[in-house]
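The numbering used here puts the first residue of the sequence shown at 1, with every later residue one more than the last.
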Amino acid sequence: MLFSAVPAFSQLVSFGFKGGVPLADPLISSSGGSGGTSHGVHRYVVGVTGELHLPFGFSFEVDALYRRLDYDTTFVTFVTTPSEFFETTSTQVTQTHTTGNDWQFPFLAKYHFKQFALARPFVDGGVTFRHVNFSGATIISNPNTAGVTVGGGVGFKLLLLRIAPEIRYTRFPTNIFGPNYNFIRSSPNQVDFLVGLTF
């Protein structure tokens with residue numbers, strides 16, 4: 001009975017890994033007369049995934065996904081030095097590098113269509129909770145936010161391995177930096193190409 005229960009449990013619940021690449025920049029940087037920011041895009045998303053398989057093609061998926069954020073800030077300061085006859089103005093430039101960790105936890109309802117050959121298309125949607133923190137003394141206004149997620153892809157089953165590539169879009173309405181940062185803000189639109197490997 002114990003050994004017969006193992007395949008039944010694997011059909012009901014699956015666990016594995018999920019990874020991919022972001023297709024849109026997570027940050028929006030700009031510059032002005034007093035300085036500005038520039039950012040890099042780390043082309044990877046990694047994490048773990050679990051899925052509860054329900055009747056009639058439905059399932060429920062929970063992920064824990066990680067991506068790296070970073071940006072460079074340039075401050076331009078004009079320093080005026082008085083002298084005996086006239087004043088001189090010099091420019092002082094200060095640069096800082098900030099790195100951050102972006103953790104996202106999607107809770108998604110999924111519907112799997114009928115299998116076609118080896119492929120079974122699916123669509124999903126739900127809510128993604130997000131936690132972001134940055135290095136150093138950087139304090140952001142909204143480290144914990146949430147967004148609406150929709151996506152779709154195709155699942156393949158090879159023996160005990162399930163492979164599921166998908167495109168996923170998330171809309172985050174809240175800027176994590178808030179109004180205190182003039183030259184950097186988080187993008188409200190996130191698009192990712194992800195591949196799940198579950199057992």
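Where a beta carbon is used, it is the ideal one built from N, C-alpha and C, also for glycine.
As the structure is a computational prediction, the values presented were derived from the model and not from experiment.
{"Asked": "Limits of the beta strand (DSSP E) - the one that S14 falls within", "Found": "V13 to P22"}
{"Asked": "Segment contact flag, the segment 97–107 with the segment 51–66, C-beta cutoff 8 Å, min 3 pairs", "Found": "yes"}
{"Asked": "Beta-carbon proximity list for L118, same chain, < 6 Å, skipping 5 on both sides", "Found": "F156"}
{"Asked": "Beta-bridge partners of S31, as assigned by DSSP", "Found": "G36"}
{"Asked": "DSSP beta-bridge partners of H112", "Found": "F122"}
{"Asked": "Cα-Cα separation, D124 to G19", "Found": "17 Å"}
{"Asked": "Short Cβ contact (8 Å threshold) for S31 with F183", "Found": "yes"}
{"Asked": "For Y169: DSSP bridge partner residues", "Found": "V150 and V191"}
{"Asked": "N-terminal and C-terminal residue of the beta strand (DSSP E) that T49 is part of", "Found": "V45 to H53"}
{"Asked": "Minimum C-alpha distance to F56 - residue among R162, Q115, G152 and T96", "Found": "Q115"}
{"Asked": "Nearest residue (CA-CA) to G47, options L65, S38, H53 and V41", "Found": "L65"}
{"Asked": "Buried/exposed call for T198, threshold 16 Cβ in 10 Å", "Found": "buried"}
{"Asked": "Straight-line gap, F113 to F122 (C-alpha atoms, nearest Å)", "Found": "6 Å"}
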